[in-house]
């Protein structure tokens, strides 16, 4: 009799909390059509996950790509809590790959069509660092917390399993943690300070104010590049040589493909959490490649 009474609650709990990612787990990628997000979506599909890509456009950025054709592309506003909640509540893991280098308050927003991998055009009213980075991630965190803490029976059944949440931050967010980094941080231009303020606000909440039922992962890439991104190719050797020489506030660059591999591996591996610098991302990317080859 007790089992019959508990059965509806057990079924509801099973549909509410992730109990470890399986091949049919649902992963939502906010910013899925972007430079990083589309690469992540491609690899998640390759792994066998049920993938939803959320963006303003809501369309496949590369229709010729067979893997991306299998993504559920939806249009949504990540600055809108209701939009975010509907996608998070039906997911087992979330990736935040929403971002822009120059916001509308920087005075440099026109450069996004040059430096942005997805050639995105900022919204003249909404595309600020605070909106695009902090607000969207806070909406995601609010929704995940509601999901994982809203059902005590599901929480009990889930045991020690945590909800994976990967956030694409930046290497410069950690400047104040390395020698001379605080000096560089102090003389950074205003737009960069605003950019870092939003990234750090997200990391602070992820690691200091989030419940234990969330497994927070912050990727901190330096320059992200690919062979078709000609605007950054000349700078890549400068960063890599400086890093190799031990300049503490400059990290080695990373290819977008490797970053995407690292993100996918991080949400699959229950042991991965916290800040991931270039050396950690390289290890995660290599681990995924080894799994594929084995």
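Residue numbers (my numbering): 2 to 295.
Cβ atoms here follow ideal geometry from the backbone N, Cα and C, with glycine treated the same way.
query: Closest to residue 268 by CA distance: which of 33, 87 and 218 is it?; result: 218
query: Around the C-beta of residue 167, are 16 or more other C-beta atoms found within 10 angstroms, so that it is buried, or is it exposed?; result: buried
query: Which residue from 98, 147, 276 and 45 puts its Cα closest to that of residue 214?; result: 147
query: Check residue 275 in the structure and name its three-state DSSP category.; result: strand
query: Three or more C-beta pairs closer than 8 Å, one from the stretch 43 to 50 and one from the stretch 258 to 266: is that the case here?; result: yes
query: In this structure, how does DSSP classify residue 228 when only helix, strand and coil are distinguished?; result: coil
query: Under 8 Å, with one C-beta from each stretch per pair, do the stretch 196 to 203 and the stretch 239 to 251 reach the 3-pair mark?; result: no
query: In this structure, does DSSP put residue 177 in helix, strand or coil?; result: helix
query: Buried or exposed: which applies to residue 295, given that a residue is buried once 16 or more other Cβ atoms fall within 10 Å of its Cβ?; result: exposed
query: Quick one: what's residue 192 bridged to in DSSP?; result: Beta-bridge pairing links residue 192 to no other residue.
query: Are the stretch 69 to 78 and the stretch 90 to 101 in contact at 8 Å, needing three or more beta carbon pairs?; result: no
query: Could you tell me the distance, in whole angstroms, from the CA atom of residue 224 to the CA atom of residue 174?; result: 13 Å
query: Beta-carbon within less than 7 Å of residue 37's beta-carbon, same chain only, minus the 5 sequence neighbours each way: which residues are those?; result: 98, 169, 225, 257, 260 and 261
query: Could you pull the start and end residues of the alpha helix (DSSP H) that residue 243 belongs to?; result: 237 to 245
query: Taking 7 Å as the threshold (C-beta atoms), are residue 138 and residue 52 in contact?; result: no
query: For residue 76, report the span of its beta strand (DSSP E) as first-last.; result: 73 to 76
query: Do you know offhand how far residue 236's Cα is from residue 182's?; result: 20 Å
query: Does DSSP put residue 32 in a helix, a strand or coil?; result: coil
query: Which residues does DSSP list as the beta-bridge partners of residue 1?; result: Any question about residue 1 goes unanswered here, given that the chain covers just 2 to 295.
query: DSSP on residue 37, reduced to helix/strand/coil?; result: helix
query: Which whole-angstrom value describes the C-beta separation of residue 220 and residue 277, a residue pair presumed to lie in contact below a C-beta threshold of 8 Å?; result: 5 Å
query: Do you know how far the Cα of residue 229 is from the Cα of residue 275?; result: 31 Å
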